[in-house]
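Engineer:
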Amino acid sequence: MMVILGVYAYIAIPVRMIPRVPSPNVGVVTQYPGMSAEDMQRYITNPLEKRIQIVGGVNYILGTSQAGYSKIVVYFNYNVDLKKKWLQMQALLNEISNELPKAGPNTTKPRLVHVNNQNGPAIQFAITRPGMSPTALKSMVDNIILTQFQQQPGVLSAYTFGGDTRQFVVDVDRNKLAAYDLNILAIRKAIDAANVDHGGGPLIQGSHRIDVEIDQGLNGGLKTLRRLENLPVGHQGSRIIYLRNVAHIKDTHAPLYGNFYFNGKPAIWLGVQGEGKGNYLKLTQDAKKLARRLERQYPGLKLQVAFDQSFYIHLNDVNAMDEFIKAVLLASLVILLFLGELGGTVIAAAILPSAVAFGFFLVYSIGVQRDFGIMMGLVFVVGKLLDDSIVVVEVVRRYIERGLHPKVAAVVGAEHVQNAVLAATLTFAVMLYPMTRLTGDMGAGFHSMTIPMITSIIGSYILAMTITPLMA
């Protein structure tokens, strides 16, 4: 029965590659399309950082600013109540929002996001489609493919990198502006107010140029260009002034600050990040199934796996099982050398699968994920799992040698050493328990290894007091 429960737990338990490290971190994200990186730092990031410091319990703050985007990561001490800090920061942001520059139609107020530096993509794809322009492929990935991956069960987020982002460059003629009694800010305001996905980009006063990112699907090119050309920007009497009257619009792509290559060829990178307590093995399998379905749906589209965490999960399992078998064989050899008989050695070693299976079932029951730390913990505890059975087998055999009936010897022998074996088991468990309370990266590793060790020795004690005496 224990083996059956253990096998069920092994199959059903959520899987990830490395132990999950609780991260007491909170991110603050603010978007102001069109604002330069310097202005984002001066008017958004710096004021937010100064006010966030009053929350308390902060280890350090890391802020980054780029054009139209600000991200602040607050690293709290490990002993803080993160839920309480989250509520405090939310109240603080609601208060600060009124002090920041006036939000435009495409800006977002500062918002809180969960941050886990360890929780990287579980699987990564390199996306290509021969015959399709980089701009069209980028639009397809962001509007069609990315959305489908984000909607997969167990996916926390999916994001892309690389490719050409479509962009319209609006070159404004200052002489025409003056002729129509307009200014560059009026043009900018009209573009921001229009139903454009990303709003106005950088405003360059010297050359009167505005960069506008457009992302309206694969078939919106000419329609969007005409829409921009026919965008009203002012009036001269009863006459409407359109953008085409004062500017020349170029259909191009945004400047590239980095790109992604796969096997020496340009591609678009897509990463799929799983939920903290999710099953990464199932996540990667579902992601690969979705990739194959998309390839069938869009001929020529290729989603090649650039990184797959499930490969390393399987590798960890194979290595752990190999080491477990070696540990059992070596421990059995040592027992055989000291007991001097094969029967006792076989009996002591026979309870190992049941003890490990029962320990694994307990791990599953308390909601712990399976990772390499769990598997290594089971390997490390092999020698201890044999201790209880060795003692019981030896005592029961001695009572049999004294002339007691085997059934009577099993009961008397188990009762004789019950308290001593229980004391040894509890001593080992109590010694390991403090390791489960450690915090930080090291604490996560120790916690992952010690939990299966404690549950397995509990299982070995139960078996040593029930099954082993009958087998002896």
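When you line the sequence shown up against the working numbering, it's residues 848 to 1319, in that order.
Where a beta carbon is used, it is the ideal one built from N, C-alpha and C, also for glycine.
Beta-carbon within less than 6 Å of LEU1256's beta-carbon, same chain only, minus the 5 sequence neighbours each way: which residues are those?
Structural biologist: Checking the sequence, you will find Ala at residue 1256 rather than Leu. Cβ neighbours of ALA1256 beyond the five flanking positions: VAL1243, TYR1246 and ILE1247.
Engineer: With a 10 Å radius around its C-beta and 16 neighbouring C-beta atoms as the bar for buried, classify VAL1226 as buried or exposed.
Structural biologist: buried
Engineer: Look at MET987 and GLY1306 and say whether their C-beta atoms are less than 8 Å apart.
Structural biologist: no
Engineer: Round the Cβ separation of HIS984 and GLY1010 to the nearest angstrom and send it over; I've been treating them as touching at under 8 Å.
Structural biologist: First, the residue type needs correcting, since residue 984 is Leu and not His in the sequence shown. So it is a contact: roughly 6 Å between Cβ atoms.
Engineer: Here's a check: name, in chain order, each residue in its chain whose Cβ is nearer than 8 Å to the Cβ of ILE1194, leaving out the five neighbours to either side.
Structural biologist: Only SER1236, VAL1240, THR1315, MET1318 and ALA1319 meet the Cβ criterion.
Engineer: Give me the Cα-Cα distance between LYS1254 and PHE1293, rounded to the nearest whole angstrom.
Structural biologist: Put simply, the backbone Cα of LYS1254 is about 42 Å away from that of PHE1293.
Engineer: How close, in whole Å, do the beta carbons of GLN1156 and MET864 come, if the pair is a contact with beta carbons under 8 Å?
Structural biologist: Contact check for GLN1156 and MET864: beta-carbon distance about 5 Å, within the 8 Å limit, so the pair qualifies.
Engineer: So is PRO866 buried or exposed if we call it buried at 16+ other beta carbons inside 10 Å?
Structural biologist: buried
Engineer: Let's test the definition: count the other Cβ atoms within 10 Å of the Cβ of ASN1163 and tell me whether it reaches 16, buried, or not, exposed.
Structural biologist: buried
Engineer: Is the shortest distance between the beta-carbon of LEU1150 and the beta-carbons of chain C less than 8 Å?
Structural biologist: Any reference to chain C falls outside this structure, which holds one protein chain only.
Engineer: Leaving out five residues before and five after ALA859 in sequence, what residues of the same chain have Cβ atoms less than 8 Å from its Cβ?
Structural biologist: TYR1211
Engineer: Contact check, LEU924 vs PRO1000 under 8 Å by CB: the rounded distance?
Structural biologist: In the sequence under discussion, the amino acid at residue 924 is Asn, which differs from the Leu named in the question. In this structure ASN924 is not in contact with PRO1000, their Cβ atoms being roughly 34 Å apart against a cut-off of 8 Å.
Engineer: Enumerate, from N- to C-terminal direction, the unbroken beta strand (DSSP E) stretches of 3 or more residues contained entirely within the stretch 1199-1246.
Structural biologist: none
Engineer: By how many angstroms is the C-alpha of VAL862 removed from the C-alpha of VAL1228?
Structural biologist: For the pair VAL1228 and VAL862, the Cα-to-Cα distance works out to about 21 Å.
Engineer: Is PHE1207 a contact residue of the ligand MN, with contact defined as CB to any heavy atom under 7 Å?
Structural biologist: Within the structure as shown, the ligand MN is missing, as the structure has no ligands at all.
Engineer: With which residues is TRP1116 paired in a DSSP beta bridge?
Structural biologist: ALA973 and PHE1008
Engineer: Suppose the cutoff is 6 Å on Cβ atoms and the five residues either side in sequence are ignored; what does the same chain contact list for PRO968 look like?
Structural biologist: Taking PRO968 as the centre and dropping the five residues before and after it, the same chain places the C-beta of GLY1118, VAL1119 and GLN1120 closer than 6 Å to its C-beta, in chain order.
Engineer: Roughly how many angstroms lie between the CA atoms of ASP1020 and LEU1032, to the nearest whole one?
Structural biologist: 13 Å
Engineer: Among LEU1029, LYS1135, THR955 and THR1272, whose alpha-carbon lies nearest the alpha-carbon of ALA1311?
Structural biologist: Out of LEU1029, LYS1135, THR955 and THR1272, THR1272 has the C-alpha closest to the C-alpha of ALA1311.
Engineer: Which same chain residues, not among the five before or five after PHE996, have their C-beta less than 6 Å away from its C-beta?
Structural biologist: ALA1005 and VAL1119
Engineer: Smallest Cα separation from MET882: which of LEU947, ALA1174 and VAL1093?
Structural biologist: LEU947
Engineer: Quick check on the DSSP output: the beta strand (DSSP E) that includes SER1085 runs from which residue to which?
Structural biologist: Looking at the DSSP string, SER1085 is not in any beta strand (DSSP E), and its letter there is neither H nor E.
Engineer: Report the option in ALA1101, THR1007, MET1222 and VAL1259 whose CA atom is closest to the CA atom of ALA1174.
Structural biologist: MET1222
Engineer: Considering only the beta carbon of each residue, do ALA884 and ALA856 sit closer than 8 Å?
Structural biologist: no
Engineer: For TYR1145, which of helix, strand or coil comes out of DSSP?
Structural biologist: coil
Engineer: Given a cut-off of 8 Å on the beta-carbon distance, is the pair ILE974 and THR1131 in contact?
Structural biologist: No, the Cβ-Cβ distance between ILE974 and THR1131 is not below 8 Å.
Engineer: When we look at the beta-carbon of PHE1158 and count the other beta-carbons within 10 Å, is it buried (16 or more) or exposed?
Structural biologist: Taking all protein chains shown into account, PHE1158 has fewer than 16 neighbouring C-beta atoms within 10 Å of its C-beta and is therefore exposed.
Engineer: Taking only three categories from DSSP, how would you classify GLY1047?
Structural biologist: The predicted model places GLY1047 with a pLDDT of 44, which falls under 50 and marks its position as unreliable; any figure quoted below should be read in that light. Looking at GLY1047 - three-state DSSP - the assignment turns out to be strand.
Engineer: How long is the line joining the alpha carbons of VAL875 and VAL1002, rounded to whole angstroms?
Structural biologist: VAL875 and VAL1002: Cα-Cα distance of roughly 21 Å.
Engineer: Nearest to LEU1128 by alpha carbon, out of THR877, LEU1024, ASP1218 and THR1283?
Structural biologist: ASP1218
Engineer: Answer with buried or exposed for PHE1015, where buried requires no fewer than 16 other C-beta atoms within 10 angstroms of its C-beta.
Structural biologist: buried
Engineer: Just the C-alpha distance for LEU1233 and GLU1122, rounded to the nearest angstrom, thanks.
Structural biologist: 38 Å
Engineer: Any chance you could list the beta strand (DSSP E) runs of at least 3 consecutive residues sitting entirely within the stretch 893-932, in chain order?
Structural biologist: As for any beta strand (DSSP E) of minimum length 3 sitting wholly inside the stretch 893-932, the runs are 905-913 and 916-923, ordered along the chain.
Engineer: Could you give the distance in angstroms between the alpha-carbon of VAL1152 and the alpha-carbon of LEU1180?
Structural biologist: About 44 Å.
Engineer: Return the CA-CA distance between LYS956 and TRP1116, expressed in angstroms with no decimal places.
Structural biologist: Each residue's alpha carbon lies about 29 Å from the other.
Engineer: Are the beta-carbon atoms belonging to PHE1171 and GLY853 less than 8 Å from one another?
Structural biologist: no
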